[in-house]
Amino acid sequence: MSNTEESHDFGLYLKEKLKEKSLSLSKLSSLTGIDKSTISRIINHKQKANINHLEKISKALDIPLEELLVEDGYNINNENIQHKEEFDINNNYESIDDIFKLSSLVENTELKELIESQLNKYQLYLKTDEGKDVLYKNFNDKIEKIDKGGVFVEKLKDMYKQFCSKDIPIKELLLIGSGLLYFITPIDIIPDFIFPIGFLDDIIAIKIVLDMLDKIRNKPNYKE
Numbered sequence: 141m142s143n144t145e146e147s148h149d150f151g152l153y154l155k156e157k158l159k160e161k162s163l164s165l166s167k168l169s170s171l172t173g174i175d176k177s178t179i180s181r182i183i184n185h186k187q188k189a190n191i192n193h194l195e196k197i198s199k200a201l202d203i204p205l206e207e208l209l210v211e212d213g214y215n216i217n218n219e220n221i222q223h224k225e226e227f228d229i230n231n232n233y234e235s236i237d238d239i240f241k242l243s244s245l246v247e248n249t250e251l252k253e254l255i256e257s258q259l260n261k262y263q264l265y266l267k268t269d270e271g272k273d274v275l276y277k278n279f280n281d282k283i284e285k286i287d288k289g290g291v292f293v294e295k296l297k298d299m300y301k302q303f304c305s306k307d308i309p310i311k312e313l314l315l316i317g318s319g320l321l322y323f324i325t326p327i328d329i330i331p332d333f334i335f336p337i338g339f340l341d342d343i344i345a346i347k348i349v350l351d352m353l354d355k356i357r358n359k360p361n362y363k364e
């Protein structure tokens with residue numbers, strides 16, 4: 141856990157906000173649809189609030205979601221959060237590295253672990269014919285729906301080309317395929333409606349995959 145995450149006490153913060161607004165746990169539960177016992181565990185540090193909890197609390201208490209994210213330990217670079225268009229993955233970024241810098245908007249160990257866990261599940265799925273067929277049948281449709289270019293989309297197309305190559309080692313095929321499956325599936329670790337970070341899990345997932353590929357390919361005697 142980073143120092144940023146350790147320096148915040150979300151339970152205490154939430155307790156103080158409820159006191160300010162003269163709200164009980166029962167009332168907050170009613171407003172958010174979150175079970176009262178869950179809210180109690182969050183306040184007493186027995187359970188960490190997830191993204192969906194925070195989104196519901198934000199609406200119920202009329203508190204900016206970005207503020208709740210920071211208090212819950214997410215390191216959000218607020219000075220870069222101005223207009224959503226600036227973070228469009230299809231914007232005119234000069235390199236894929238520029239795109240990956242956007243992932244620094246959210247630095248959270250739990251989030252990265254959730255994405256890595258999903259990527260691992262997709263690697264197992266890709267060992268089946270069904271998993272491969274899902275990717276073959278849906279990748280191009282997903283790209284067409286985006287209907288834009290840009291370095292991120294071009295990187296995805298390049299990864300798909302590698303995935304379809306007959307010469308690709310199985311480790312690389314599963315790793316690349318897991319990132320592409322993450323991109324085309326509708327299940328997001330961060331809901332897309334949560335601005336400004338709703339689109340970033342795709343970027344983070346692809347960055348994780350490419351970093352792992354580099355490690356594999358840079359191993360001594362790899363492919364020999």
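Throughout, our numbering is defined as the position within the sequence shown, counted from one, plus 140. For each residue, glycine too, the CB sits at the ideal point set by N, CA and C.
Beta-carbon proximity check, residue i vs residue j, cutoff 8 Å
i	j	result
I203	T172	no
K297	I283	yes
I344	K252	yes
H148	E211	yes
K157	L201	yes
I174	G151	no
Y322	D342	yes
E206	I348	no
Residues of its chain near residue i, where Cβ-Cβ distance is below 7 Å and the 5 sequence neighbours each way are ignored
i	result
D351	none
I179	L165, L168, S169
G271	Y265
E146	Model confidence at E146 stands at a pLDDT of 46, short of 50, so the residue's coordinates are unreliable and nothing is read from them.
K285	none
T325	none
Q187	T178, R181
A189	F150, I182, D212
K176	L165, S166, S169
M299	I316, G319, L320
F279	Y300, L320, I324
Y362	I356
Distance between beta carbons of residue j and residue i, contact taken as under 8 Å
i	j	result
L266	G319	In fact, because the Cβ distance is near 11 Å, the residues do not count as touching under 8 Å.
Own chain partners of residue i with C-beta closer than 6 Å, once the 5 adjacent residues on each side are dropped
i	result
V274	none
S170	none
H185	G151
I346	G319
Same chain, Cβ closer than 8 Å to residue i, neighbours up to 5 away in sequence not counted
i	result
I308	Q302, I316
I311	Going by the sequence as given, residue 311 is Lys instead of Ile. I356, listed in sequence order.
Y153	E211
L314	Q263, L266, K267
Residue i Cβ short of 7 Å to the ligand FAD heavy atom set
i	result
N358	As for the ligand FAD, it is missing from this structure, which has no ligand bound.
- [ ] Indicate whether the contact test is met: 3 or more Cβ pairs, each with one atom in the region 287-305 and one in the region 257-264, closer than 8 Å.
- [x] The region 257-264 and the region 287-305 do not touch, with fewer than three beta-carbon pairs separated by less than 8 Å.
Open item on the list: Below 8 Å, how does it come out for the region 185-195 and the region 157-170: are there three or more Cβ pairs, yes or no?
Closed with: The region 185-195 vs the region 157-170: no contact.
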